[in-house]
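Asker: Keeping their order, the protein sequence lines are chains A, B and C. Residue numbers for the first sequence follow this note's numbering, beginning at 1 and rising by one. Residue numbers for the second sequence follow this note's numbering, beginning at 1001 and rising by one. Residue numbers for the third sequence follow this note's numbering, beginning at 2001 and rising by one. Built from N, CA and C at the ideal position, the CB exists for glycine as well. Just dropping this structure here.
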Amino acid sequence: MLLTILYIIGITAEAMTGAISAGKRKMDWFGVMFVASVAAIGGGTARDIILGHYPVGWIKHPEYIMITCIAGVFTTLIAPWVVRNQRLFIVLDSIGLVVFSIIGCRVAIDMGLPPLICVIAAIVTGIFGGLLRDLICRQTPLVLHKELYASVALFAAGLYLTLLCYGIEDSIAIIITLAGGFSLRMIALKFSWSLPVFHFEQEQTEQGTPTKGK
Amino acid sequence: MLLTILYIIGITAEAMTGAISAGKRKMDWFGVMFVASVAAIGGGTARDIILGHYPVGWIKHPEYIMITCIAGVFTTLIAPWVVRNQRLFIVLDSIGLVVFSIIGCRVAIDMGLPPLICVIAAIVTGIFGGLLRDLICRQTPLVLHKELYASVALFAAGLYLTLLCYGIEDSIAIIITLAGGFSLRMIALKFSWSLPVFHFEQEQTEQGTPTKGK
Amino acid sequence: MLLTILYIIGITAEAMTGAISAGKRKMDWFGVMFVASVAAIGGGTARDIILGHYPVGWIKHPEYIMITCIAGVFTTLIAPWVVRNQRLFIVLDSIGLVVFSIIGCRVAIDMGLPPLICVIAAIVTGIFGGLLRDLICRQTPLVLHKELYASVALFAAGLYLTLLCYGIEDSIAIIITLAGGFSLRMIALKFSWSLPVFHFEQEQTEQGTPTKGK
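Structure (structure tokens):
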């Protein structure tokens, strides 16, 4: 199916971003495979654990772990090429994001959960991989303060649910959501759209002492 | 019920502390809502996942997620006021801590788990929200080296279990535990009570090389 | 049983490494007990949650939590002695690593999971304790860029599975795996064996801007 092929492209792209992050922290091959796998399938794993949806995806399909480990090690060999072709990876990563969101939404729908939880499942699937990657590599999670990333997952989930709600056939809803979500992400990147940032400087950080405010 | 009202006050207060932390890291609105939600309901989620108590609380009650997201975004608008009224938030947060502990204890009791696990469930519910908030915002978790925080959760859980054990009615046990736990936290803050700190400086950190000790 | 005794030695050793890490971050007694417990039983907990293997080990056996808490607090009293005898702790920790791997493997086998997942269960059990300890204490996880640590878990799991596959009796397979895994770890430490490290420096980190590569 289209969704499976795009999913494999998505986890491969995410695994490669994970490997690059691991390389910046001078990890060994095992660390590279680990961070690559976490970046690629950590989102789906977190979703399955939170929803209590067992067995977790990659336990049913261990071949996905093989793909992410191989992609991770392979990335160490072609790192300069990966960086030169960053635009390509942003495209692949964006496809992955929308595919992850649709799959996350699908899992929650199949469990009979309410729409708000389906949307949250989509967001968790889409962003937790990158979030865990950044936590392990000790960077402030990018997904929480850069570009429209989580918002794209939110939009894709909302669009997909709305289409299903109006009785559109599943495969057509998937294609429309893919096109819509991918376009939004590309447009957001092109015009550097982002959500408003909340920047708060506290003069005095002693807890328990009231401060004068800003 | 009293417990539900106090729970909603507690998650709102925790969500606001999460939003302030997110603001210190210059996160966007999505990041603010995410950290606010994690701070407020991460503890209960961690407890449910560890105990295998599905479905997780907020999946049954998605309205709690709505509350934390709204509280998070609202905090960005009134941040200076929040900081000026820090004392109020410490009071609300303390109520939340005791309520979370009682609820965590209750869940474990209803699952028929032994008392030690009930106490651990209370502590996890009480502190994991703040722990995850600090990990995501890359601060050394406050709950692990400041004031009597986890100890209050421990005390509240122990008091509640003891009261139930002596056949006190549930609603009365809850009120006594709330009063006792809240008082302990307030007294601990007033007199800056804290647990002994273990401070260890290692001269030589190379693993595998025995050092001379302190 | 031999495995239970070695398991208790393993969690005690891991709890002591956790307590030392907590001491470096000036945590209070609760923090020490918490990090000690996470370091010792976090790996098994993560494995059980990922596999959906409920109840989690220490909920069935709360006495393990007692052991790790006591070991943690006790370590604060004898920290200089622990550091002087670091070699001893590396030996105990290595035994723990192999025991954790065998137990992790065993759990996955008993759930009827495929070999690759058994190996991953072994690795998760072996390394997640140390990983979580380092995340909470805000250090780049040692297990991801030092020595043959995860590789020993991988080797032990592979050896154990192979032996069982050839019809070797379980208790004999355990003893051979213990000897083999422990020897590999000791040899790796003695000769400073390690996996190749992937070190990647990116000149320009702005996302979205293609760079010239290295």
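Are the C-beta of Leu2178 (chain C) and some C-beta of chain B separated by less than 8 Å?
Answerer: In the third sequence, residue 2178 (chain C) corresponds to position 178, counting from 1. False, the Cβ-Cβ gap to chain B never drops below 8 Å.
Asker: What's the C-alpha gap between Asp1134 (chain B) and Gly2018 (chain C)?
Answerer: Here residue 1134 (chain B) refers to the residue found at position 134 of the second sequence. Here residue 2018 (chain C) refers to the residue found at position 18 of the third sequence. Approximately 19 Å, taken between the alpha carbons.
Asker: Label Cys105 (chain A) either buried or exposed according to how many other C-beta atoms from any shown protein chain fall within 10 Å of its C-beta, with 16 as the threshold for buried.
Answerer: The count along the first sequence starts at 1 and reaches residue 105 (chain A) at position 105. With 16 or more Cβ atoms within 10 Å of its Cβ, Cys105 (chain A) is classed as buried.
Asker: Within 8 Å of any Cβ in chain A, is that where the Cβ of Ile2191 (chain C) sits?
Answerer: In the third sequence, residue 2191 (chain C) corresponds to position 191, counting from 1. Here residue 2191 (chain C) is Phe; the residue named in the question, Ile, does not match the sequence. Not one chain A Cβ lies under 8 Å of Phe2191 (chain C).
Asker: Looking at the structure shown, is Met1 (chain A) part of a helix, part of a strand, or coil, going by DSSP?
Answerer: Taking the first residue of the first sequence as position 1, residue 1 (chain A) is located at position 1. Coil at Met1 (chain A), not helix or strand.
Asker: With a CB to CB cut of under 7 Å and the five nearest residues on each side skipped, what residues in its chain are close to Pro2115 (chain C)?
Answerer: Residue mapping note: residue 2115 (chain C) aligns to position 115 of the third sequence, counting from 1. Here the set comprises Leu2161.
Asker: Which whole-angstrom value is the C-beta distance of Gly180 (chain A) and Thr125 (chain A), which I expect to be below 8 Å?
Answerer: Looking up residue 180 (chain A) in the first sequence gives position 180. Looking up residue 125 (chain A) in the first sequence gives position 125. 17 Å between Cβ atoms; not a contact.
Asker: What residue does the alpha helix (DSSP H) around Phe2200 (chain C) start on, and which one ends it?
Answerer: Locating residue 2200 (chain C) in the third sequence gives position 200, where the first residue counts as 1. Careful: Phe2200 (chain C) lies outside any alpha helix (DSSP H) and carries neither H nor E.
Asker: Closer than 8 Å, Cβ to any Cβ of chain B: which residues of the stretch 2030-2046 of chain C, in chain order?
Answerer: The stretch 2030-2046 of chain C vs chain B, Cβ under 8 Å: Phe2030, Gly2031, Val2032, Phe2034, Val2035, Thr2045.
Asker: May I ask you to report which of helix, strand or coil DSSP gives Met1980 (chain C)?
Answerer: This structure gives no information on residue 1980 (chain C), because the portion of chain C shown stretches from 2001 to 2214.
Asker: Restricting to Cα atoms, I'd like to know which of C:Trp2193, C:Ile2070, C:Ile2049 is closest to Val2107 (chain C).
Answerer: As a first step, residue 2107 (chain C) must be located in the third sequence, where it is residue number 107. Val2107 (chain C) has its Cα closest to that of C:Ile2049, out of C:Trp2193, C:Ile2070, C:Ile2049.
Asker: For Gly167 (chain A), count the other beta carbons within 10 Å of its own beta carbon; 16 or more makes it buried, fewer makes it exposed. Which is it?
Answerer: Your numbering for residue 167 (chain A) matches position 167 in the first sequence. Gly167 (chain A) should be labelled exposed.
Asker: If we count the other Cβ atoms within 10 Å of its Cβ and call it buried at 16 or more, is Asp110 (chain A) buried or exposed?
Answerer: Position 110 of the first sequence holds residue 110 (chain A). With fewer than 16 other Cβ atoms within 10 Å, it is exposed.
Asker: Using a beta-carbon distance below 8 Å, is Pro1114 (chain B) in contact with chain C?
Answerer: Position 114 of the second sequence, counting from 1, holds the residue named residue 1114 (chain B). By this cut-off, Pro1114 (chain B) is an interface position.
Asker: Going by other Cβ atoms of all chains shown within 10 Å of its Cβ, with 16 needed for buried, is Leu2154 (chain C) buried or exposed?
Answerer: One-based indexing of the third sequence puts residue 2154 (chain C) at position 154. By the 10 Å Cβ count, Leu2154 (chain C) comes out buried.
Asker: Just by C-beta distance, which residues in the stretch 2094-2126 of chain C are closer than 8 Å to chain A?
Answerer: Listed by position, the residues of the stretch 2094-2126 of chain C near chain A (Cβ gap below 8 Å) are Leu2113, Pro2114, Leu2116, Ile2117, Ile2120.
Asker: Within the 8 Å Cβ cut-off, does Pro196 (chain A) reach chain B?
Answerer: Reading the first sequence from its first residue, position 196 is the one you call residue 196 (chain A). Chain B contact via Cβ: present.
Asker: So if I threshold CB-CB distances at 7 Å, which residues from the stretch 151-174 of chain A count as touching chain B?
Answerer: So the close ones are Ser151.
Asker: Mind checking if Phe2200 (chain C) is an interface residue toward chain A, Cβ cutoff 8 Å exclusive?
Answerer: Your numbering for residue 2200 (chain C) matches position 200 in the third sequence. Cβ-Cβ to chain A under 8 Å: yes for Phe2200 (chain C).
Asker: Kindly indicate the opening and closing residues of the alpha helix (DSSP H) around Tyr2160 (chain C).
Answerer: By 1-based counting over the third sequence, the position of residue 2160 (chain C) is 160. That run of the alpha helix (DSSP H) goes 2150-2165.
Asker: Pull up the distance between the alpha-carbon of Val2028 (chain C) and that of Leu1148 (chain B), whole angstroms please.
Answerer: By one-based count along the third sequence, residue 2028 (chain C) stands at place 28. By one-based count along the second sequence, residue 1148 (chain B) stands at place 148. The question names Val, yet the displayed sequence has Asp at residue 2028 (chain C). Each residue's Cα considered, the two are about 10 Å apart.
Asker: Please list the partners that Ala79 (chain A) has in chain C, where partner means a Cβ-to-Cβ separation under 7 Å.
Answerer: Translated into positions along the first sequence, residue 79 (chain A) becomes position 79. Phe2200, listed in chain order.
Asker: Do three or more CB pairs link the stretch 1065-1076 of chain B to the stretch 1031-1040 of chain B at distances below 8 Å?
Answerer: As far as the Cβ criterion goes, the stretch 1065-1076 of chain B touches the stretch 1031-1040 of chain B, which means the pair count is three or higher.
Asker: What are the residues in the stretch 2001-2034 of chain C lying within 8 Å of chain B by C-beta distance?
Answerer: Answer in chain order: Ala2019, Ile2020, Ala2022, Gly2023, Lys2024, Arg2025, Lys2026, Met2027, Asp2028, Trp2029, Phe2030, Gly2031, Val2032, Phe2034.
Asker: Just to check, is the beta-carbon of Cys118 (chain A) closer than 7 Å to a non-hydrogen atom of the ligand SAH?
Answerer: Summarising the ligand content, the structure contains no ligands, and the ligand SAH is consequently not present.
Asker: Taking all protein chains shown into account, decide if Trp2193 (chain C) is buried (16 or more other Cβ within 10 angstroms of its Cβ) or exposed.
Answerer: For the purposes of this step, residue 2193 (chain C) is taken as residue 193 along the third sequence, with counting starting at 1. By the neighbour-count rule (16 or more Cβ atoms within 10 Å), Trp2193 (chain C) is not buried but exposed.
Asker: Could you tell me the distance, in whole angstroms, from the CA atom of Ile1059 (chain B) to the CA atom of His1053 (chain B)?
Answerer: Against the second sequence, residue 1059 (chain B) aligns to sequence position 59. Against the second sequence, residue 1053 (chain B) aligns to sequence position 53. For Ile1059 (chain B) and His1053 (chain B), the distance between alpha carbons rounds to 12 Å.
Asker: For Met2001 (chain C), which option in C:Ala2040, C:Ile2136, C:Ser2171, C:Ile2070 has the closest C-alpha, if you only look at C-alpha atoms?
Answerer: Position 1 of the third sequence, counted from the start, is the residue given in the question as residue 2001 (chain C). The candidate whose alpha carbon is nearest that of Met2001 (chain C) is C:Ser2171.
Asker: Which term fits Glu2206 (chain C), buried or exposed, when burial requires 16 or more other beta carbons within 10 angstroms of its beta carbon?
Answerer: As a working note, residue 2206 (chain C) is residue 206 in the third sequence. Here Glu2206 (chain C) scores only 39 on pLDDT, less than 50, and its place in the model should not be relied on; the value that follows carries that caveat. Looking at its Cβ environment, which holds fewer than 16 other Cβ atoms inside 10 Å, Glu2206 (chain C) is exposed.
Asker: Comparing C-alpha positions only, which one of C:Ile2008, C:Val2119, C:Lys2026 sits nearest to Leu1195 (chain B)?
Answerer: As a position in the second sequence, residue 1195 (chain B) is number 195, starting the count at 1. Residue C:Lys2026 is the option with its Cα nearest to Leu1195 (chain B).
Asker: Just the C-alpha distance for Ile1175 (chain B) and Glu1014 (chain B), rounded to the nearest angstrom, thanks.
Answerer: For the purposes of this step, residue 1175 (chain B) is taken as the residue at position 175 of the second sequence. For the purposes of this step, residue 1014 (chain B) is taken as the residue at position 14 of the second sequence. Distance between the alpha carbons of Ile1175 (chain B) and Glu1014 (chain B) is about 21 Å.
Asker: Express the C-alpha separation of Ala1173 (chain B) and Thr211 (chain A) in angstroms, rounding to a whole number.
Answerer: Within the first sequence, residue 211 (chain A) is the residue found at index 211, counting from 1. Within the second sequence, residue 1173 (chain B) is the residue found at index 173, counting from 1. Because the pLDDT of Thr211 (chain A) is 34, which lies under 50, any placement of that residue in the model is unreliable, and the number read from its coordinates should be weighed accordingly. The alpha-carbon atoms of Thr211 (chain A) and Ala1173 (chain B) are separated by roughly 37 Å.
Asker: Just the chain B side, please: which residues come within less than 9 Å of Leu2135 (chain C) by C-beta, in chain order?
Answerer: To locate residue 2135 (chain C), count along the third sequence from 1; it is residue 135. Leu1135, listed in chain order.
Asker: Measure how close the beta-carbons of Met1128 (chain B) and Ala2022 (chain C) come, nearest whole angstrom, since I'm counting them as under 8 Å.
Answerer: Mapped onto the second sequence, residue 1128 (chain B) falls at position 128. Mapped onto the third sequence, residue 2022 (chain C) falls at position 22. It is Phe, not Met, that sits at residue 1128 (chain B) in the sequence shown. That pair is no contact at about 17 Å.
Asker: By DSSP, does Met2218 (chain C) sit in helix, in strand, or in coil?
Answerer: The question about residue 2218 (chain C) has no answer, for chain C in this structure spans 2001 to 2214.
Asker: Listed from N- to C-terminal order along the chain, which residues in the stretch 1048-1063 of chain B have their beta-carbon within a distance smaller than 8 Å of any beta-carbon of chain C?
Answerer: Taking 8 Å as the Cβ-Cβ cut-off against chain C, the residues of the stretch 1048-1063 of chain B that qualify are Ile1049, Ile1050, Leu1051, Gly1052.
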